[in-house]
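**Q** So that we are looking at the same thing, I have put the structure below in C-alpha cells.
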Amino acid sequence: DHVAITAHKMLSGIADEGDIFLKKIIPVTNSTDIGTLFEEIESVIPGMVHELLDGIESGTINPIPQDETKCILSYPRYPSDGWIDWSKPAKEIDRLVRSVSKPYPGAFTCWNMKKIFIWKGYVLAEHPPFVGVPGHVIGSDDNLSVKVLTGEGIYVVTEINEENGDEIIPPATLIKGVQQRLGLTSGELFEVLKLLWEKKEGP
Numbered sequence: 758d759h760v761a762i763t764a765h766k767m768l769s770g771i772a773d774e775g776d777i778f779l780k781k782i783i784p785v786t787n788s789t790d791i792g793t794l795f796e797e798i799e800s801v802i803p804g805m806v807h808e809l810l811d812g813i814e815s816g817t818i819n820p821i822p823q824d825e826t827k828c829i830l831s832y833p834r835y836p837s838d839g840w841i842d843w844s845k846p847a848k849e850i851d852r853l854v855r856s857v858s859k860p861y862p863g864a865f866t867c868w869n870m871k872k873i874f875i876w877k878g879y880v881l882a883e884h885p886p887f888v889g890v891p892g893h894v895i896g897s898d899d900n901l902s903v904k905v906l907t908g909e910g911i912y913v914v915t916e917i918n919e920e921n922g923d924e925i926i927p928p929a930t931l932i933k934g935v936q937q938r939l940g941l942t943s944g945e946l947f948e949v950l951k952l953l954w955e956k957k958e959g960p
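In this note's numbering, the protein residues as written are 758 to 960.
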C-alpha cells in the first residue's frame with residue numbers, strides 16, 4: 758500500500774484536476790498512522806520543490822494530464838465518523854484508529870457510559886477460537902493493553918484517554934477485568950435516547 762503526493766497545475770474547476778508535474782510515492786505499512794504519514798510527507802516536500810524548480814528551469818519536466826476516468830472525489834469526514842463499530846473486523850477497526858489518530862479528533866467508543874478515545878492498537882495475529890459479543894474485553898497483558906473481541910478477530914488496544922482527560926494512558930489502568938464491554942449495549946442506547954428525549958421535552 759502507498760499514498761502519493763503530487764505537484765500539479767491548479768485549475769478553476771474541480772480541485773486537484775490539473776496536469777501533474779511531479780509525483781512521489783510514500784509506502785504505508787500496518788503500523789503507519791496519520792501522524793507518522795504527515796511527518797513523512799513534510800520531510801519529502803522540500804526536496805520535491807527543489808526538484809520541480811530545477812526541472813522547470815532545465816525543461817526536463819513534462820506535465821502529465823490526469824485520467825478523468827480514474828479520478829475519485831473525496832468528501833470531508835466528521836468527528837462522529839470516528840465511532841468504532843466493534844462488529845466490524847479487527848483489520849477495519851485498526852485502519853480507522855490509524856487514519857483518525859492525532860492530529861485528528863481520534864477514534865472513540867463508550868465504556869461504562871463514558872466516551873473514551875483509542876489512539877493506538879493492533880490486530881492480534883494469532884489467537885484461539887472464541888465465541889463472544891463484539892466489544893467484549895477478554896483480557897490484558899503485561900503492557901497494560903486490553904484485548905477486545907470484534908466481528909472478526911481480536912483487536913489489542915494500547916493507548917486511550919477519557920473524553921475530558923489530557924493524559925494518554927494504558928487501557929488496563931482504567932478498564933480492569935474481563936467483565937467489561939466497549940461500545941453501547943441495547944440497554945445503554947435506550948437510556949441515552951431516553952435522556953435525550955427527556956431533555957428535548959423539558960420539565
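Backbone N, C-alpha and C fix where the C-beta goes; we use that ideal spot for every residue, glycine too.
Express the C-alpha separation of residue 766 and residue 818 in angstroms, rounding to a whole number.
**A** 13 Å
**Q** Return the bridge partner residues of residue 938 from the DSSP annotation.
**A** 893
**Q** State the DSSP-derived secondary structure class of residue 795, mapped to helix, strand or coil.
**A** Here residue 795 sits in helix by DSSP.
**Q** Would you list, in sequence order, the uninterrupted alpha helix (DSSP H) runs of no fewer than 4 residues that lie entirely inside the stretch 812–900?
**A** 847–856
**Q** List the endpoints of the continuous beta strand (DSSP E) containing residue 957.
**A** Run containing residue 957: none in the beta strand (DSSP E); it sits in the alpha helix (DSSP H), 943–958.
**Q** What are the partner residues of residue 764, as DSSP defines its beta bridges?
**A** According to DSSP, residue 764 bridges with 779.
**Q** Could you tell me if residue 957 is buried or exposed, where buried requires 16 or more neighbouring beta carbons within 10 angstroms of its beta carbon?
**A** exposed
**Q** Helix, strand or coil for residue 789 per DSSP?
**A** coil
**Q** My guess is that residue 848 and residue 881 are in contact by the Cβ rule of under 8 Å, so how many angstroms apart are they, rounded?
**A** Residue 848 to residue 881, Cβ: 11 Å. No contact.
**Q** My assumption, with CB atoms under 8 Å, is that residue 908 sits in contact with residue 859. Please give the rounded CB distance.
**A** The Cβ separation is near 26 Å, so there is no contact.
**Q** Tell me, please, whether the stretch 791–808 touches the stretch 821–836 by the rule of three or more beta-carbon pairs shorter than 8 Å.
**A** No, because fewer than three Cβ pairs between the stretch 791–808 and the stretch 821–836 fall closer than 8 Å, the two stretches do not touch.
**Q** In the DSSP assignment, find the unbroken beta strand (DSSP E) run with residue 925 in it and report its ends.
**A** Segment: none, residue 925 is in no beta strand (DSSP E) and carries neither H nor E.
**Q** Are three or more beta carbon pairs between the stretch 889–901 and the stretch 870–881 nearer than 8 Å?
**A** no
**Q** DSSP state of residue 809, grouped into three classes?
**A** helix
**Q** Quick check on the DSSP output: the beta strand (DSSP E) that includes residue 931 runs from which residue to which?
**A** Element bounds for residue 931: n/a, residue is neither H nor E.
**Q** Going by Cα to Cα distance, which pick from 955, 872, 947 and 929 is closest to residue 919?
**A** 872
**Q** With DSSP as the reference, please indicate the residues paired to residue 801 in a beta bridge.
**A** Beta-bridge pairing links residue 801 to no other residue.
**Q** Residue 916 lies in the beta strand (DSSP E); which residues open and close that run?
**A** Unbroken beta strand (DSSP E) run through residue 916: 911–919.
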